[in-house]
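Inspection log for the structure reproduced underneath, given as structure tokens.
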Amino acid sequence: MMKIPCVYMRGGTSKAIIFHKKDLPDDQSEWKNIFLKVMGTPDVKQIDGMGGTVSSTSKVAVISPSSRPGVDVDYYFVQVEIERPIIADNLNCGNISSAVGPFAIDEGLVEAKEPVTVVRIFNENTQRIIESHVRVENGKAAVYGNETIMGVPGTASRIDLYFEKPGGASTGKTFPTGKRKETLDIPGFGLIEASLIDISNPAAYVRAKDVGMKGTELTEINSNVELLDLLERIRCVAAEKMGFVSYWEDAITKCTSIPKVGIISEPQDYTSLDGRLIAAESMDLCCRMISVGTMHKAYPMTYAVGTGAAARISGTIPFELARKNGDKNRVVLGHVSGCTEVLLEMDNEEVEKAGVVRTARRIMEGYIYIK
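Following this note's numbering, the numbering of the sequence shown begins with 9 at its first residue and continues without gaps.
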């Protein structure tokens, strides 16, 4: 069997196998087959690989020293599907982005400086800069700390993650169609209003009530085949509108990870996935996200950035439903696992920088064996 050095890390509420680029074949056309075997795809149980049977644990990152001015490392992200032999590299993952800084420090790609090392990261997927502020102890990325993030048990060392100029990361435009709201004609359903927004990653935001939801649902909707089918059709039609495919049905196989569908509602009380009461007063917006066909068990961080920014841009569905508290630089999102705060630096309605707090840690290092 082939063996490749790697590190297995948690970043935020996701996990990934992380490779040094130098340890992979020079011919990148070989990478897809390697990544599928690494995760054990295609197989609903991913039993012959490292995948964890949900989208948040079926991820790969490739890191290399950067030759770009003012950048420490280049970072390439891959989302690996579970049941189909498909990978997507036309998006970034904010949660896995939080693992890149600690990886770079611990692997000696960036000099460790106590108490905080700033790692400048170039995401090759979106061509954007991410700045990671990592706590350091004894020359290594700190693991222990008092920070709590929703969707991860216990506490850990805080990582401050900033996405610079995230607008138009995939399409070159914050609003790929030029409109802040679009009316989509969904086959088998009819007309629905959506905001198609590309901030950090492209998303289609719809009102929960317009798809027959309250907006407080948890992962129980993963057994609602009819609803998931509707949300997938919305995603596919949005993909055509945003220019990712020529015909909406092509998005089923050619464009599986973007745009994601955000289901938006006004702040409201609900019970989180771990049984806690999340009060309407603790959030500015209630939101859910469909990721690769199922309800995300927390909220993807690049989409937290996009949703938070959209909540401060007039004319969008998130803006319409968000609490108007007068604070343009902070938005709190209520999601399946709790609440996440997004910090924003806005220039009128353009996002200059958006920040989230994450935690990450190394779980395992060694070799991955593939046939």
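Positions of the beta carbon are idealized from the N, C-alpha and C atoms, including for glycine. Quantities reported herein were computed from a predicted structural model and do not represent experimental measurements.
The count of Cβ pairs closer than 8 angstroms, one atom from the stretch 368-377 and one from the stretch 315-332, stays below three, leaving the stretches out of contact.
Ala246 and Tyr377 have their C-alpha atoms roughly 39 angstroms apart. Look at Gly346 here: in three-state DSSP terms it is strand. Boundaries of the beta strand (DSSP E) around Ser299: 293-299. The Cβ atoms of Gly270 and Tyr311 lie closer than 9 angstroms to each other. For Glu155, same chain residues with a beta-carbon under 7 angstroms away, outside a window of 5 residues either side, are Thr163, Ala164, Ser165, Arg166, Val365, Thr367 in chain order.
In this structure, Arg296 keeps its C-beta atom at 9 angstroms or more from the C-beta atom of Pro267. In the pairwise beta carbon analysis, the stretch 63-75 is classified as touching the stretch 36-51: at least three pairs are separated by under 8 angstroms. The three-state secondary structure of Pro13, taken from DSSP, is strand.
Residue burial annotation: Asn337 is exposed, with fewer than 16 other C-beta atoms found within 10 angstroms of its C-beta. Counting only the Cα atoms, Asn98 lies some 17 angstroms from Lys249. Asp31 is not bridged by DSSP to any residue. For Thr315, the enclosing alpha helix (DSSP H) has its first and last residue at 309-318. A Cβ-Cβ separation of about 6 angstroms places Ile286 in contact with Gly342 under the 8 angstroms criterion. CA-CA distance, Gly198 to Ala24, rounds to 39 angstroms.
Under the three-state reduction of DSSP, Phe327 is assigned to helix. Judged by beta-carbon spacing, Phe183 lies within the 9 angstroms limit of Ile205, meaning their Cβ atoms are closer than that value. A Cβ-Cβ contact shorter than 9 angstroms links Thr61 with Ile90. DSSP, reduced to helix, strand and coil, places Asp168 within a strand of the structure shown. Per DSSP, the beta bridge partners of His141 are Val126, Asp168. Asp218 has its alpha-carbon roughly 45 angstroms from the corresponding atom of Gly78. For the beta strand (DSSP E) assignment, the uninterrupted runs of no fewer than 3 residues enclosed by the stretch 232-279 are, from N- to C-terminal side, 268-273. In its chain, beyond the 5 residues on either side, Ile200, Leu238, Arg241, Ile242, Val245 have a beta carbon closer than 8 angstroms to the beta carbon of Ile194. Ala120 and Phe111 have their C-alpha atoms roughly 11 angstroms apart. Exposure of Arg76 is indicated by the presence of fewer than 16 other C-beta atoms within 10 angstroms of its C-beta. A Cβ-Cβ separation of about 14 angstroms leaves Val350 out of contact with Gly175 under the 8 angstroms criterion. The C-beta of Val124 has fewer than 16 other C-beta atoms within 10 Å across all chains shown, which makes the residue exposed.
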